[in-house]
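Novice: The following block contains the structure, expressed as structure tokens.
2 protein chains.
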Amino acid sequence: MKKLINVPNAVVDEMIEGYVAAYPKYVKVLPENKRSVVSVETARAGKVGVVIGGGSGHEPAFMGLIGRGFADGVPVGNVFASPPPDPILEVTRAVNGGAGVVYMYGNYAGDCMNFDMAAELAEMEDIPVQTVLVTDDAASAPLSQADRRRGIAGGFLVFKTAGAAADQGYTLDEVVRAARKANANLRTMGVALSPCAVPQTGKPSFVLGEDEMEIGLGIHGEPGIERGTLKTADEVTDALLERILEDMPITAGERVVVMVNGLGSTPHMELFVVYRRVAKRLEDLGVSIHRAFVGEYVTSLEMGGCSVSVMKLDDELIRLIDHPADTPMYVQQ
Amino acid sequence: MKKLINVPNAVVDEMIEGYVAAYPKYVKVLPENKRSVVSVETARAGKVGVVIGGGSGHEPAFMGLIGRGFADGVPVGNVFASPPPDPILEVTRAVNGGAGVVYMYGNYAGDCMNFDMAAELAEMEDIPVQTVLVTDDAASAPLSQADRRRGIAGGFLVFKTAGAAADQGYTLDEVVRAARKANANLRTMGVALSPCAVPQTGKPSFVLGEDEMEIGLGIHGEPGIERGTLKTADEVTDALLERILEDMPITAGERVVVMVNGLGSTPHMELFVVYRRVAKRLEDLGVSIHRAFVGEYVTSLEMGGCSVSVMKLDDELIRLIDHPADTPMYVQQ
Numbered sequence: 001m002k003k004l005i006n007v008p009n010a011v012v013d014e015m016i017e018g019y020v021a022a023y024p025k026y027v028k029v030l031p032e033n034k035r036s037v038v039s040v041e042t043a044r045a046g047k048v049g050v051v052i053g054g055g056s057g058h059e060p061a062f063m064g065l066i067g068r069g070f071a072d073g074v075p076v077g078n079v080f081a082s083p084p085p086d087p088i089l090e091v092t093r094a095v096n097g098g099a100g101v102v103y104m105y106g107n108y109a110g111d112c113m114n115f116d117m118a119a120e121l122a123e124m125e126d127i128p129v130q131t132v133l134v135t136d137d138a139a140s141a142p143l144s145q146a147d148r149r150r151g152i153a154g155g156f157l158v159f160k161t162a163g164a165a166a167d168q169g170y171t172l173d174e175v176v177r178a179a180r181k182a183n184a185n186l187r188t189m190g191v192a193l194s195p196c197a198v199p200q201t202g203k204p205s206f207v208l209g210e211d212e213m214e215i216g217l218g219i220h221g222e223p224g225i226e227r228g229t230l231k232t233a234d235e236v237t238d239a240l241l242e243r244i245l246e247d248m249p250i251t252a253g254e255r256v257v258v259m260v261n262g263l264g265s266t267p268h269m270e271l272f273v274v275y276r277r278v279a280k281r282l283e284d285l286g287v288s289i290h291r292a293f294v295g296e297y298v299t300s301l302e303m304g305g306c307s308v309s310v311m312k313l314d315d316e317l318i319r320l321i322d323h324p325a326d327t328p329m330y331v332q333q
Numbered sequence: 001m002k003k004l005i006n007v008p009n010a011v012v013d014e015m016i017e018g019y020v021a022a023y024p025k026y027v028k029v030l031p032e033n034k035r036s037v038v039s040v041e042t043a044r045a046g047k048v049g050v051v052i053g054g055g056s057g058h059e060p061a062f063m064g065l066i067g068r069g070f071a072d073g074v075p076v077g078n079v080f081a082s083p084p085p086d087p088i089l090e091v092t093r094a095v096n097g098g099a100g101v102v103y104m105y106g107n108y109a110g111d112c113m114n115f116d117m118a119a120e121l122a123e124m125e126d127i128p129v130q131t132v133l134v135t136d137d138a139a140s141a142p143l144s145q146a147d148r149r150r151g152i153a154g155g156f157l158v159f160k161t162a163g164a165a166a167d168q169g170y171t172l173d174e175v176v177r178a179a180r181k182a183n184a185n186l187r188t189m190g191v192a193l194s195p196c197a198v199p200q201t202g203k204p205s206f207v208l209g210e211d212e213m214e215i216g217l218g219i220h221g222e223p224g225i226e227r228g229t230l231k232t233a234d235e236v237t238d239a240l241l242e243r244i245l246e247d248m249p250i251t252a253g254e255r256v257v258v259m260v261n262g263l264g265s266t267p268h269m270e271l272f273v274v275y276r277r278v279a280k281r282l283e284d285l286g287v288s289i290h291r292a293f294v295g296e297y298v299t300s301l302e303m304g305g306c307s308v309s310v311m312k313l314d315d316e317l318i319r320l321i322d323h324p325a326d327t328p329m330y331v332q333q
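From first to last, the protein sequence lines stand for chains A and B. At position 5 of the first sequence the residue is numbered 5 (the UniProt record's numbering), and the sequence of numbers has no breaks. At position 170 of the second sequence the residue is numbered 170 (the UniProt record's numbering), and the sequence of numbers has no breaks.
Next up, the structure:
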């Protein structure tokens with residue numbers, strides 16, 4: 001697959017250079033690790049520091065979401081690979097305003113290991129750290145083992161919830177509580193239509209036939225739960241939504257956020273066709289959509305397909321989801 | 001190529017239904033044509049109405065850009081095809097707040113014909129209409145025939161300029177003057193790496209070899225000026241930027257806006273690698289980048305590749321480009 005890059009091994013560093021050059025009013029790189037990207041404000045006194053992260057290749061997540069009402073810092077990993085503890089720790093020190101730091105990332109072994117190690121090092125420097133794992137991918141494990149589930153696009157909503165809570169002056173315990181509630185109220189189901197290729201190999205991450213799709217496929221090409229013939233958008237959407245509703249029943253009168261996330265190469269046109277069906281189905285159930293997110297929030301390079309996320313809301317989550325955000329790649333008034 | 005759609009002929013209507021369902025606080029459809037999309041505010045008294053448009057398949061353009069500080073209405077055409085006069089006229093009536101209406105679109109024969117026809121009909125109803133053609137694509141005709149050039153991604157910046165001017169209370173003549181200045185100060189050069197497929201045929205719009213790129217290719221697959229072997233991101237960026245600077249010299253001390261626009265399937269990672277090189281080259285020339293736009297602004301479904309736009313600024317254009325915008329698919333504070 002064609003890539004507009006220079007040297008494959010330099011692509012992440014060059015991306016960060018370009019990103020910081022494009023948005024110098026928002027972000028900067030710390031001195032020790034060129035993968036430590038933080039808000040130009042760094043620590044805000046008394047505010048919980050919000051660190052999100054994971055591998056690169058998911059832009060706008062994670063690096064694109066640094067700013068008021070969202071994240072304070074992002075240690076950037078290689079493509080689809082966790083950042084090592086060093087940049088995580090450097091970012092942690094920089095964004096700690098005395099109220100502690102929350103780590104949030106998708107539930108992947110590499111991220112867990114490296115962020116946990118950084119948390120231990122930070123605690124030794126008397127920086128309180130707590131962790132919220134995102135586990136929204138309903139396809140990746142049964143409900144009885146929900147803590148084994150992967151984190152995928154819905155993580156955006158968990159990060160936004162926590163970023164808003166921190167901006168509103170919540171304590172570390174309260175930020176963590178709100179973010180965990182968001183995660184518990186959230187389910188995502190994805191469908192893949194075509195693969196991506198990491199720059200190092202240039203090879204497709206998986207192979208699907210010309211008329212095939214795979215439901216539940218992970219954002220790094222991890223196996224899904226059902227491979228089949230590509231159906232109509234309405235049929236695919238119904239299949240995704242039914243899995244979500246089986247896993248997390250929603251009753252008439254409840255309020256939700258819906259996200260239809262493009263994985264990289266699926267046109268916005270198709271995302272809106274999918275959203276149309278989600279909206280219709282939820283309306284038929286008497287469920288009220290408080291806010292919609294349709295676009296690219298957590299991508300997998302040029303992967304084709306999308307995911308549908310539904311998050312149930314209470315008054316607190318509504319207030320946090322509605323809180324403004326101002327980042328280079330996501331602005332909400 | 002795989003599409004997440006229902007019936008090909010219904011995809012535009014279903015996209016609009018999904019879009020309006022997702023953003024009911026911003027947009028609505030008018031009663032006569034289901035392709036007439038306008039701001040929920042419709043006409044604002046005394047403000048020039050801003051109508052942008054053209055075919056669909058370019059989302060976020062054009063439909064995604066309806067809101068304060070940007071467009072007031074968009075007649076939506078079929079994929080890569082101009083809207084007919086009817087929805088243009090219906091939108092025009094709805095957004096006319098008594099100060100007249102400006103039409104802005106890329107310079108394509110179909111759009112010119114249909115928008116001109118609508119303008120004549122509007123004038124018969126005593127609605128003053130003026131037109132600004134976007135002609136930013138430096139590859140599509142020599143400078144001596146600049147009025148024959150196509151409009152591509154840079155149109156976003158012309159629309160934004162006019163939308164801001166209208167929001168600031170400019171008269172119709174003044175909005176048109178500012179938008180034409182933006183267009184005159186703007187050049188775009190694109191490179192295509194892979195094709196898109198319109199839903200009706202599902203067939204690739206053009207064919208490029210596994211290691212080929214084409215510089216200057218249009219956003220509907222129109223021929224470019226140079227097909228060659230895919231080079232490094234820096235080499236490709238240099239080639240695009242050199243064409244722009246040959247066509248529109250920029251000297252040390254000048255201020256510009258830079259846009260690196262993804263055509264649909266090119267990862268943000270690569271767009272930032274390209275931006276990095278543009279920023280470096282302009283910095284070396286002593287040119288100051290006032291604001292950067294890196295992302296998907298004007299797409300061509302799932303086409304691969306990107307374009308680089310540079311717009312020279314004066315104090316007025318800076319004030320207009322910095323003016324806030326609040327639309328479903330583009331927010332600027």
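C-beta: ideal position from N, C-alpha, C; glycine also. Quick caveat: nothing in here was measured; it's all calculated off a predicted structure.
I need the DSSP call for Ile244 of chain A, collapsed to helix, strand or coil.
Specialist: In the first sequence, counting from the first residue as 1, residue 244 of chain A sits at position 244. DSSP places Ile244 of chain A in helix when its eight states are reduced to three.
Novice: Here's a check: name, in chain order, each residue in its chain whose Cβ is nearer than 8 angstroms to the Cβ of Pro24 of chain B, leaving out the five neighbours to either side.
Specialist: On the second sequence, residue 24 of chain B is found 24 positions in, with the first residue counted as 1. Excluding residues within five positions, the ones whose Cβ falls inside 8 angstroms are Val40.
Novice: Sort A:Arg319, A:Glu270 and A:Ala292 by Cα distance to Asn6 of chain B and report the nearest one.
Specialist: Residue 6 of chain B sits at position 6 when you count from the first residue of the second sequence. Measuring from the Cα of Asn6 of chain B, the nearest candidate turns out to be A:Glu270.
Novice: With a cut-off of 8 angstroms on the beta carbons, I'd call Thr135 of chain A and Ala146 of chain A a contact; round off their distance for me.
Specialist: Translated into the one-based positions of the first sequence, residue 135 of chain A becomes position 135. Translated into the one-based positions of the first sequence, residue 146 of chain A becomes position 146. Contact flag correct, Cβ pair sits at about 6 angstroms.
Novice: Which residues of chain B have a Cβ atom closer than 7 angstroms to the Cβ of Glu41 of chain A, listed in chain order?
Specialist: For the purposes of this step, residue 41 of chain A is taken as the residue at position 41 of the first sequence. The contacting residues do not exist; Glu41 of chain A stays about 15 angstroms from chain B at best.
Novice: With respect to the alpha helix (DSSP H) encompassing Ile215 of chain A, which residues constitute its N-terminal and C-terminal limits?
Specialist: Walking along the first sequence from the start, residue 215 of chain A turns up at place 215. Note, Ile215 of chain A: premise wrong, no alpha helix (DSSP H); beta strand (DSSP E) at Glu212 to Ile215.
Novice: Using the C-alpha atoms, what's the distance from Arg187 of chain A back to Arg277 of chain B?
Specialist: Here residue 277 of chain B is taken as the residue at index 277 of the second sequence, counted from 1. Here residue 187 of chain A is taken as the residue at index 187 of the first sequence, counted from 1. Roughly 40 angstroms separates the two Cα atoms.
Novice: Residues of chain A with CB closer than 9 angstroms to the CB of Ile219 of chain B, please, in chain order.
Specialist: Here residue 219 of chain B refers to the residue found at position 219 of the second sequence. Residues of chain A passing the Cβ test: none, with the nearest at roughly 13 angstroms.
Novice: Name the residue from A:Gly100, A:Phe115 and A:Phe206 whose alpha carbon lies nearest to the alpha carbon of Asn107 of chain A.
Specialist: As a working mapping, residue 107 of chain A is identified with position 107 in the first sequence. Taking only the C-alpha atoms, the option nearest Asn107 of chain A is A:Phe115.
Novice: Hey, is Val273 of chain A's beta-carbon within less than 7 angstroms of any beta-carbon in chain B?
Specialist: If you number the first sequence from 1, residue 273 of chain A lands on position 273. Interface residue, yes.
Novice: Just the Cα atoms here: how many angstroms apart are Gly77 of chain B and Val91 of chain A?
Specialist: In the second sequence, residue 77 of chain B corresponds to position 77, counting from 1. In the first sequence, residue 91 of chain A corresponds to position 91, counting from 1. Taking the straight line joining both Cα atoms gives about 48 angstroms.
Novice: Can you check whether the CB of Ile244 of chain A is closer than 7 angstroms to the CB of Val331 of chain A?
Specialist: Along the first sequence, read from residue 1 onward, the residue named residue 331 of chain A stands at position 331. Along the first sequence, read from residue 1 onward, the residue named residue 244 of chain A stands at position 244. No.
Novice: Between which two residues does the alpha helix (DSSP H) harbouring Arg281 of chain A extend?
Specialist: Here residue 281 of chain A refers to the residue found at position 281 of the first sequence. Per DSSP, Arg281 of chain A belongs to the alpha helix (DSSP H) from His268 to Asp284.
Novice: Taking 7 angstroms as the threshold (beta carbon to beta carbon), is Ser36 of chain B in contact with chain A?
Specialist: By 1-based counting over the second sequence, the position of residue 36 of chain B is 36. False, the Cβ-Cβ gap to chain A never drops below 7 angstroms.
Novice: CB-CB under 6 angstroms to Pro199 of chain A, same chain, minus the five flanking residues each way: which ones, in chain order?
Specialist: On the first sequence, position 199 is the one that residue 199 of chain A refers to. If we look at Pro199 of chain A and ignore the five residues flanking it on each side, its Cβ neighbours are Lys3, Ile5, Pro8 and Val11.
Novice: Write down every uninterrupted run of the alpha helix (DSSP H) in the region 68-141 of chain B whose length is 4 residues or greater and which is fully enclosed by it, in chain order.
Specialist: Qualifying alpha helix (DSSP H) stretches, in chain order: 85-95 and 109-124.
Novice: Which residues in chain B have a C-beta closer than 9 angstroms to the C-beta of residue 334 of chain A? List them in chain order.
Specialist: Any question about residue 334 of chain A goes unanswered here, given that chain A covers just 1 to 333.
Novice: Would you say the region 189-196 of chain A touches the region 230-242 of chain A, given that touching needs at least three Cβ pairs under 8 angstroms?
Specialist: With a cut-off of 8 angstroms, the region 230-242 of chain A and the region 189-196 of chain A count as touching, because enough Cβ pairs lie within range.
Novice: For Asp326 of chain B, which three-state DSSP category applies?
Specialist: Taking the second sequence and counting its residues from 1, the one referred to as residue 326 of chain B is at position 326. Correct three-state label for Asp326 of chain B: strand.
Novice: Closest by CA to Leu208 of chain B, which one among B:Pro128, B:Asp137, B:Ser194 and B:Ala81?
Specialist: The residue labelled residue 208 of chain B in the question sits at position 208 within the second sequence. Checking every option, the nearest Cα to that of Leu208 of chain B belongs to B:Ser194.
Novice: Between the Cα of Val158 of chain B and those of B:Ala184, B:Asp173 and B:Asp234, spot the shortest distance and give me the residue it belongs to.
Specialist: To locate residue 158 of chain B, count along the second sequence from 1; it is residue 158. Checked all of B:Ala184, B:Asp173 and B:Asp234; the closest Cα to Val158 of chain B is B:Ala184.
Novice: Between the alpha carbons of Gly98 of chain B and Gly49 of chain B, how many angstroms are there, rounded?
Specialist: Reading the second sequence from its first residue, position 98 is the one you call residue 98 of chain B. Reading the second sequence from its first residue, position 49 is the one you call residue 49 of chain B. Approximately 9 angstroms between the Cα atoms of the pair.
Novice: Can you list the residues of chain B that Ala146 of chain A reaches, using a CB-CB cut of under 8 angstroms?
Specialist: Reading the first sequence from its first residue, position 146 is the one you call residue 146 of chain A. Those do not exist, as Ala146 of chain A stays about 28 angstroms from chain B at its closest Cβ, beyond 8 angstroms.
Novice: CA-CA distance, Ala139 of chain A and Glu226 of chain A?
Specialist: By one-based count along the first sequence, residue 139 of chain A stands at place 139. By one-based count along the first sequence, residue 226 of chain A stands at place 226. Each residue's Cα considered, the two are about 10 angstroms apart.
Novice: Leaving out the 5 sequence neighbours to the left and right, which residues in its chain are closer than 7 angstroms to Gly286 of chain A when beta-carbon positions are compared?
Specialist: For the purposes of this step, residue 286 of chain A is taken as residue 286 along the first sequence, with counting starting at 1. Once the five neighbours on either side are set aside, the close Cβ partners of Gly286 of chain A are Ala252 and Gly253.
Novice: Just to confirm before moving on: does the CB-CB distance between Gly67 of chain B and Thr327 of chain B stay below 7 angstroms?
Specialist: Mapped onto the second sequence, residue 67 of chain B falls at position 67. Mapped onto the second sequence, residue 327 of chain B falls at position 327. For Gly67 of chain B and Thr327 of chain B, yes; Cβs fall inside 7 angstroms.
Novice: Count the other CB atoms within 10 Å of the CB of Glu120 of chain B; is the residue buried (16 or more) or exposed (fewer)?
Specialist: To locate residue 120 of chain B, count along the second sequence from 1; it is residue 120. Glu120 of chain B is exposed by the Cβ-count criterion.
Novice: Where does residue 362 of chain A sit, in a helix, a strand or coil, going by DSSP?
Specialist: Nothing can be reported for residue 362 of chain A, as the shown portion of chain A is limited to 1 through 333.
Novice: Which residues share a DSSP beta bridge with Thr188 of chain A?
Specialist: Position 188 of the first sequence, counted from the first residue, corresponds to residue 188 of chain A. Its beta-bridge partners are A:Asp137 and A:Ser309.
Novice: Could you tell me which uninterrupted beta strand (DSSP E) segments, each at least 3 residues in length, are contained entirely in the region 13-72 of chain B, listed from first to last along the chain?
Specialist: Taking only runs of at least 3 residues, the beta strand (DSSP E) segments lying wholly in the region 13-72 of chain B are 27-29, 36-39, 49-52 and 54-56.
Novice: By DSSP, does Leu193 of chain B sit in helix, in strand, or in coil?
Specialist: Locating residue 193 of chain B in the second sequence gives position 193, counting from the first residue. Correct three-state label for Leu193 of chain B: strand.
Novice: How would you list, in chain order, the residues of chain A whose beta-carbon sits under 8 angstroms from the beta-carbon of Tyr26 of chain B?
Specialist: Indexing the second sequence from 1 puts residue 26 of chain B at position 26. Within chain A, no residue comes near Tyr26 of chain B; the closest Cβ sits about 11 angstroms away, beyond 8 angstroms.
Novice: What is the DSSP secondary structure of Ile318 of chain B, reduced to helix, strand or coil?
Specialist: Translated into positions along the second sequence, residue 318 of chain B becomes position 318. Three-state result, Ile318 of chain B: helix.
Novice: Verify the CB distance criterion: does Thr232 of chain A have a CB-CB separation below 7 angstroms to chain B?
Specialist: Working through the first sequence from its first residue, we reach residue 232 of chain A at position 232. Answer yes: the Cβ-Cβ gap between Thr232 of chain A and chain B drops below 7 angstroms somewhere.
Novice: Just to confirm before moving on: does the CB-CB distance between Ala141 of chain A and Thr161 of chain A stay below 7 angstroms?
Specialist: Counted from its first residue, the first sequence places residue 141 of chain A at position 141. Counted from its first residue, the first sequence places residue 161 of chain A at position 161. Contact flag unset, no.
Novice: Please confirm if Ile318 of chain B has its CB atom under 7 angstroms from at least one CB of chain A.
Specialist: Here residue 318 of chain B corresponds to residue number 318 of the second sequence, with the count starting at 1. Not closer than 7 angstroms to any Cβ of chain A, the Cβ of Ile318 of chain B fails to qualify, so no.
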